[in-house]
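So for the sequence shown, my numbering puts the first residue at 470; every next one is plus one. The C-beta atom is built at its ideal place from N, Cα and C for all residues, glycine as well. Before any comments, here is the structure.
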Amino acid sequence: MGTAPPDAELMQAVQAATILAGSEDPERRRAAFAVAACAADLARDRLPGLDGALRIVLTRMGNFPAVQTSPVVESFARLPIQVALAEELRREGNTVPLGKLQLELTDFQRALWSVLEAGENVAISAPTSAGKSFVLQAYLRSRARAGSLMTACYLVPSRALIAQVSDEIAQWRRDDDLRDLALITVPLPAGSDLRSPAIYVLTQERLQAILTSHPEFAADLIVCDEAQGVEDGARGVLLQNVVDQLLRRTPAAQAIFAGPNIRNLSAFGAIFNIKLVREVESRSPSVVQNLILVNTRSLKKGHLTLERYAGGIGTALGDAGVERLLPSIKERLVRVAEKFGKAKPSIVYANGPADAEGVAKGLADVSELQEPSDRIRELMALSRSAVHSQYDLASCLAHGIGFHYGRIPAIVRRGVEAAFADGEIQYLVTTSTLIQGVNFPAANLFVCKPKKGNNLQLEPAEFWNLAGRAGRLGKEFQGNIFLIDYQDWDVKHADHGSEIEVKSSLARTLGADFAGVLACATETDPPLETDKRLSLEATFARLLTDRINGRLEGTLDRCQVVGQNRDDLIRALDAARGKVSLPIDAIASSPTVSALRQQRLADYLASEIRGGGTKRISQLMPRHPRDDDAWATLSEVFKVCHRKLLSLDAPRLHLRMAAIAIKWMRGDPIPEIVDENHRRSKGTDLAASIRETLKDIEQEIRFKYLRLTTCYNAVLGHVLRESGHGELVSSIPNLPSYLEVGAADPTMVSFVGLGISRVTARTLTDSAMDKDMDEARALAWLREQNLETLIPLGIMRAEAERAILNFGT
470 MGTAPPDAEL
480 MQAVQAATIL
490 AGSEDPERRR
500 AAFAVAACAA
510 DLARDRLPGL
520 DGALRIVLTR
530 MGNFPAVQTS
540 PVVESFARLP
550 IQVALAEELR
560 REGNTVPLGK
570 LQLELTDFQR
580 ALWSVLEAGE
590 NVAISAPTSA
600 GKSFVLQAYL
610 RSRARAGSLM
620 TACYLVPSRA
630 LIAQVSDEIA
640 QWRRDDDLRD
650 LALITVPLPA
660 GSDLRSPAIY
670 VLTQERLQAI
680 LTSHPEFAAD
690 LIVCDEAQGV
700 EDGARGVLLQ
710 NVVDQLLRRT
720 PAAQAIFAGP
730 NIRNLSAFGA
740 IFNIKLVREV
750 ESRSPSVVQN
760 LILVNTRSLK
770 KGHLTLERYA
780 GGIGTALGDA
790 GVERLLPSIK
800 ERLVRVAEKF
810 GKAKPSIVYA
820 NGPADAEGVA
830 KGLADVSELQ
840 EPSDRIRELM
850 ALSRSAVHSQ
860 YDLASCLAHG
870 IGFHYGRIPA
880 IVRRGVEAAF
890 ADGEIQYLVT
900 TSTLIQGVNF
910 PAANLFVCKP
920 KKGNNLQLEP
930 AEFWNLAGRA
940 GRLGKEFQGN
950 IFLIDYQDWD
960 VKHADHGSEI
970 EVKSSLARTL
980 GADFAGVLAC
990 ATETDPPLET
1000 DKRLSLEATF
1010 ARLLTDRING
1020 RLEGTLDRCQ
1030 VVGQNRDDLI
1040 RALDAARGKV
1050 SLPIDAIASS
1060 PTVSALRQQR
1070 LADYLASEIR
1080 GGGTKRISQL
1090 MPRHPRDDDA
1100 WATLSEVFKV
1110 CHRKLLSLDA
1120 PRLHLRMAAI
1130 AIKWMRGDPI
1140 PEIVDENHRR
1150 SKGTDLAASI
1160 RETLKDIEQE
1170 IRFKYLRLTT
1180 CYNAVLGHVL
1190 RESGHGELVS
1200 SIPNLPSYLE
1210 VGAADPTMVS
1220 FVGLGISRVT
1230 ARTLTDSAMD
1240 KDMDEARALA
1250 WLREQNLETL
1260 IPLGIMRAEA
1270 ERAILNFGT
């Protein structure tokens, strides 16, 4: 595997690094960091002064968090007096007070802090793990401590990030005894009180629900994390919609947009029509990341060759052997990770959930059975009770292997993340969840022909976001990204730059398929709603809403639609508006559903009610999930949504999805839903049934059917009022909220609102006699319980205890 350079050459290289570290050129700073870090790792045992030299490099780069990494942190006493004084002066400039704490920041973080404290709008770009989120949270904390925070809205792209961000906020809120600061992560039903001061941590879908149910909701601070999501199809359009609404409600709100490696930060000012947006960016790495090519395609069985890859050029590192053929991606990932990932925590990237489970089981096969810690035993038991008794995660954990993807129940997923972060899981096999900003960096990352699922290629920027997980700031200075058989990859991601150019989904769709958007406005019978069609119709829906509200001209200016295209689009939108009699508030409740599809649903419901009267209303009116007729009515609702909103002809799909949805909303355990699904499908592959059920819940029930029932409820309410049955509107159950949370009993919903997972909330609700408690009463009840006897598993019990600490007074 190669030989280390002579000591004299190492010392000479490190001296050059200390000079380059003072440069403003990002490439030179990266080179300085890499040289100093590699030299120290190679020879610190025989040349202890290398850690001092690395400390000088880090100080000159302003990377004080990394200075705290062992063994560099112990090298201060060996520095010459002048060097030590220079470090202290430099450190003082990068230190900011936060109550009793003193935060030592990087140069990038210090520059960002200054802009935030000035109250300015800001767009932020920096590599993954550069500490953007740390500074944003510190700023929220500073405002909360000073009493200057009224309502903050912290937007993230996934429920996994809601959990991560809200846990961090809850921790410092507890540490600072900020008991009056509310932390809200779920949609609030109409009629509920809006708390202040408060921090709302939400996805764009959850924020849209609050904006609809509370027209008075407003925020004086808006944080849009992973803001590049504004490009993401229909979800990107929705993200732009909700931020626009917040800015209209509070034009003076401070707006913050953050994302990794964004080249054109000025785009956010243009997208959201904000005149002054300060730009803060960094190209300096927080850790050194080494790209290593691993070629397994040798004629000699099991022979591997390794190269360091930089600037499109490979430099030989040596060779190794695994003594077996590696014909499949799974085998390559397993054997290469086994060979090079044992020493430190390693992430293995898999394209989808089935791949992740397969690779994890492969790693378990080649790893020794371990004596599980108490935490791992509990996590094994939890995976069996929360997902299924035959779920493969438990057997993998027994070997120190975990897997992770977005569909896994939150409490299990978070347990795996925590165990990996603390070193109790050696290998973590994960999917594109990593790309969405979930933070659990590792020393090594193993990748082979990466995709998102089976078909979608990763974009180069997504690859670099993924690669940014290699290297743990504060624990080591280097991370290794092993690119397995890179020569065979369909896309050579590492040959492309890491920077992305952001363009809103609205503008991108209009530019790429203007004719398609125009067709959405002119078609009399909308076709089947596909993923591609959804992006087109979300764009059309936004434009039509803007036309009705008198905001279209500004939107078209921002999207640079001019000339004949502009005239044609306005005429088409006006014609479409003439076909829609629904009021704007009903249309706006479902901002990604075409108004023409909504009108088709309204016409159908009105016709059915006229012809069938009260009897037909009873069939079209959804019931509470615990009602005896809930499945029958929900089946009818889903069938109508399929035909009128999706243009989908699937004769029995509505029956199956209604059965799953009812069990989910009633709070039934996932293992029961899995077994029912497996029985109905007459399947033989239980693991596939488990994955399919998790997909049904996370992607279908909690996304597609939530979206459909939101639209259905709004349109049905309008039709009932118009047909003289307005007294029934208040009886329409809040299906979208029940589908989102996985609970319909007020007590269980309250426990979830307290930050407790659905799994634990179900256990607590079963023990509570009162099923109608609001959050305050649920918290009071929880405080009175003996949790040791009430909740058997410590992981679940910790959630309840954390809720008492976080929300108790």
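Can the beta-carbon of residue i be found less than 9 Å from the beta-carbon of residue j?
i, j, result
"Arg614", "Leu1274", "no"
"Ala490", "Leu527", "yes"
"Gly1222", "Thr654", "yes"
"Val986", "Thr978", "yes"
"Tyr1174", "Leu1124", "no"
"Val541", "Ala503", "no"
"Ala890", "Phe872", "no"
"Ala500", "Met530", "no"
"Gln1088", "Gly1080", "no"
"Thr1229", "Thr1216", "no"
"Gln1299", "Ala819", "With the chain covering only 470 through 1278, there is no way to say anything about residue 1299."
"Leu897", "Leu1074", "no"
"Phe577", "Val749", "yes"
"Gly948", "Val711", "no"
"Phe1061", "Leu707", "Note that residue 1061 is Thr in the sequence shown here, rather than Phe. In contact: Thr1061 and Leu707 (Cβ atoms closer than 9 Å)."
Measuring only the C-alpha atoms, how far is residue i from residue j?
i, j, result
"Asp449", "Pro1120", "Given a span of 470 to 1278 for the chain in the structure shown, any question on residue 449 remains unanswerable."
"Ser901", "Gly790", "30 Å"
"Glu556", "Asn532", "11 Å"
"Glu1244", "Val1218", "8 Å"
"Val971", "Asn1255", "52 Å"
"Arg1135", "Asp701", "32 Å"
"Val454", "Lys769", "Here the chain has residues from 470 to 1278 only, and residue 454 is not among them."
"Ala722", "Gly600", "24 Å"
"Glu1167", "Arg876", "6 Å"
"Thr597", "His1111", "40 Å"
"Leu585", "Ser815", "35 Å"
"Ala1064", "Arg1190", "19 Å"
"Asp713", "Ile743", "10 Å"
"Leu1155", "Ser852", "15 Å"
"Ser665", "Ala651", "7 Å"
"Trp582", "Leu802", "41 Å"
"Gly940", "Cys693", "25 Å"
"Val805", "Thr899", "16 Å"
"Leu775", "Trp933", "20 Å"
By DSSP, does residue i sit in helix, in strand, or in coil?
i, result
"Ser864", "helix"
"Gln758", "strand"
"Lys746", "In the sequence as displayed, the identity of residue 746 is Val instead of Lys. Reduced to three states, the DSSP call for Val746 is coil."
"Ile1260", "coil"
"Pro1187", "A quick correction: the sequence has His, not Pro, at residue 1187. Residue state, collapsed to three classes: helix."
"Leu1114", "coil"
"Ala580", "helix"
"Leu570", "strand"
"His772", "strand"
"Ile1201", "coil"
"Lys799", "helix"
"Cys622", "strand"
"Thr654", "coil"
Based on Cα-Cα distance, which residue from the options lies nearest to residue i?
i, options, result
"His772", "Gly781, Tyr1073, Lys808", "Lys808"
"Pro996", "Leu1051, Lys569, Ala727, Asp1118", "Asp1118"
"Ser1116", "Ser1076, Glu992, Arg1079", "Glu992"
"Ala850", "Arg1160, Gln758, Leu838, Ile1264", "Ile1264"
"Ile1201", "Val828, Pro1094, Ala632", "Pro1094"
Alpha helix (DSSP H) containing residue i: first to last residue?
i, result
"Glu557", "550 to 562"
"Thr528", "518 to 530"
"Leu484", "What sits at residue 484 in the sequence shown is Gln, not Leu. Note, Gln484: alpha helix (DSSP H), 476 to 489."
"Glu1141", "1139 to 1150"
"Thr1162", "1155 to 1164"
"Ala939", "Careful: Ala939 lies outside any alpha helix (DSSP H) and carries neither H nor E."
"Asp1281", "The requested residue 1281 is not part of the displayed model; the chain covers only 470 to 1278."
The beta strand (DSSP E) with residue i in it runs from where to where?
i, result
"Val670", "667 to 671"
"Val916", "913 to 916"
"Val712", "It is not in any beta strand (DSSP E) - Val712 instead sits in the alpha helix (DSSP H) that spans 702 to 718."
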